[in-house]
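In full-length UniProt numbering, the protein residues as written are 1 to 521. Note that CB positions come from ideal geometry on N, CA and C, so glycine has one too. Since we're looking at a predicted model, the values are computed, not measured. Okay, so here's the structure we're looking at.
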């Protein structure tokens with residue numbers, strides 16, 4: 001029969017069997033000031049006789065008919081030199097001789113133990129223990145340590161990435177960009193990776209924010225492999241964290257992994273471009289992907305709804321995984337409805353603005369003024385910025401970090417270690433055996449040789465392919481020269497035959513034409 005032990009102050013109204021464990025007072029005065037502690041052993045009564053015995057014991061204790069237990073001298077017949085408590089004898093009707101020991105070899109005992117475990121009922125504590133203060137302890141530790149969040153923004157130039165980041169965190173993280181004149185020198189040659197960090201504080205909570213920008217993405221005529229610098233940067237951050245984990249001192253590990261990637265989609269109103277599909281396919285297994293429709297104020301409500309449907313259809317067709325808020329068993333209906341409402345807005349149609357303007361009511365709002373009206377950034381009827389901020393910062397920031405650490409990073413770590421030849425040892429407690437260790441080293445050496453052989457074969461095959469292509473090109477050039485020389489010889493042959501025909505017919509080889517004009521002769 002299962003039992004639960006916990007320590008609470010003594011209470012005569014307790015309706016559970018108990019045994020007293022008194023502390024030896026250092027002095028008579030100290031005994032009056034101290035309160036004896038009790039160790040409760042809770043078990044569920046199986047029949048009415050035990051329940052009646054419980055009531056009689058509790059009533060006798062409350063009336064004083066049962067004297068308060070004292071700590072006598074150690075008894076000779078008791079184990080470990082301690083006298084048995086009278087309440088233990090009363091609370092165990094089975095007695096010492098009827099105690100059962102559950103063994104895996106006894107199927108009846110196992111079945112009885114399973115039945116007893118099913119009969120266990122969860123009970124509330126009758127007194128304050130203190131472990132309910134654990135969330136407060138964690139809160140104090142987190143506030144003292146601070147938080148960090150790394151977000152990456154990917155999209156073509158001019159879609160408002162910097163403006164949206166400033167709007168999300170309500171700070172001037174990115175200064176206004178200076179417009180330069182048209183010049184071919186300022187066009188980037190490759191996709192660059194730039195990161196900016198800032199410490200921001202709100203109500204005593206410090207956040208270390210790092211924004212990773214990708215200037216130059218999608219700005220070329222040929223955008224092949226434009227996703228490669230982005231993926232390499234994410235993998236480099238994973239490698240740095242893996243290297244820090246493998247060090248001896250792991251106290252101060254800095255988490256530079258990308259926790260979320262906000263992908264900006266151009267508001268074309270049609271569907272995803274091939275570049276968007278390819279980049280999202282490359283990124284969704286390495287980072288939490290959050291697609292957004294940039295500059296949604298250029299589309300009508302009907303166009304936004306239709307555009308969202310087409311984007312989701314493309315994402316589903318190409319099996320692209322975007323971030324979804326986790327569902328917990330203890331979530332209430334309000335939380336479930338809130339998460340469902342947030343996910344129904346994906347991809348988020350957002351508008352960014354850092355300036356405050358006055359609306360028709362005279363209130364100061366963040367938005368943009370147009371000849372036909374005002375778009376408020378924080379108005380859910382105008383855009384999905386509020387839902388994006390709610391998911392990214394207010395409700396799912398920790399889930400983004402946990403999913404990055406527990407799923408994305410662990411998958412990358414497993415693949416990386418597998419490629420390095422590191423295998424998981426199936427035995428937990430393994431004795432040191434030189435023969436086994438030598439066998440493992442031999443296996444690793446063979447794997448290393450096989451890997452080197454495969455790489456050499458690959459390099460050799462590449463060189464053979466390159467040589468064959470060069471020989472093929474030389475052969476084509478020789479064939480072209482042969483055809484050209486053959487055509488030239490054919491022309492010479494025809495000219496000679498024509499001259500021969502003229503000589504045989506008595507005609508001159510060259511026709512002498514009479515010159516026009518005056519002659520001095």
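Check, Outcome
"Exposure of residue 508, with buried meaning 16 or more beta-carbon neighbours within 10 Å", "exposed"
"Which of helix, strand or coil DSSP assigns to residue 292", "strand"
"DSSP-derived helix/strand/coil call for residue 156", "coil"
"Helix, strand or coil at residue 458 according to DSSP, with G and I counted as helix", "helix"
"Cβ neighbours of residue 279 in the same chain (closer than 6 Å, five flanking residues each side left out)", "227"
"Start-to-end residues for the alpha helix (DSSP H) that takes in residue 231", "228-245"
"Cβ separation of residue 156 and residue 219, assumed to be a contact under 8 Å, to the nearest whole Å", "6 Å"
"Rounded C-alpha distance that separates residue 373 from residue 340", "31 Å"
"Exposure label - residue 479; buried when at least 16 CB within 10 Å", "exposed"
"Status (buried if at least 16 other CB within 10 Å, exposed otherwise) for residue 257", "buried"
"N-terminal and C-terminal residue of the alpha helix (DSSP H) that residue 412 is part of", "409-419"
"Proximity below 7 Å, CB of residue 277 to CB of residue 318", "yes"
"Residues of its chain near residue 386, where Cβ-Cβ distance is below 7 Å and the 5 sequence neighbours each way are ignored", "378, 380"
"Proximity winner among 466, 290, 252, 313, relative to residue 270 (alpha-carbon distances)", "313"
"For residue 361, the three-state DSSP class (helix, strand or coil)", "coil"
"Three-state secondary structure (DSSP) of residue 83", "Bear in mind that a pLDDT of 44 at residue 83, under 50, signals an unreliable position, so the number given afterwards is only what the model happens to contain. Of the three classes helix, strand and coil, the one that applies to residue 83 here is coil, per DSSP."
"Spatial distance of residue 435 from residue 250 (CA atoms)", "33 Å"
"Inter-residue spacing [alpha-carbon to alpha-carbon] between residue 202 and residue 229", "34 Å"
"Assigned exposure category for residue 461 - 16 Cβ within 10 Å defines buried", "exposed"
"Sub-7 Å separation of residue 161 and residue 264 beta-carbons", "yes"
"Cβ-Cβ distance between residue 211 and residue 296 below 7 Å", "no"
"Residue 151, buried or exposed, once every other Cβ within 10 Å from all chains shown has been counted against 16", "buried"
"Residue 260 vs residue 290 beta-carbon contact at 7 Å", "yes"
"Inter-stretch contact at 8 Å, needing at least 3 Cβ pairs: the stretch 356-370 / the stretch 235-251", "no"
"Residue environment, residue 138, which counts as buried when at least 16 other CB atoms sit within 10 Å", "exposed"
"Endpoints, the beta strand (DSSP E) within which residue 254 is located", "Counting along the chain, residue 254 falls outside any beta strand (DSSP E), and DSSP gives it neither H nor E."
"Top-ranked residue by Cα proximity to residue 417, from 362, 285, 239", "239"
"Three-state secondary structure assigned by DSSP to residue 375", "strand"
"Sequence-distant residues of its chain with Cβ nearer than 8 Å to residue 253 (five each side left out)", "241, 244, 245"
"Stretch-stretch touch, CB-based, cutoff 8 Å, three pairs: the stretch 279-288 with the stretch 399-410", "yes"
"Given residue 412 as reference, the closest of 168, 394, 235 once Cα atoms are compared", "235"
"From 334, 392, 490, residue whose alpha carbon lies closest to that of residue 167", "392"
"With 16 other Cβ atoms within 10 Å as the buried cut-off, status of residue 129", "exposed"
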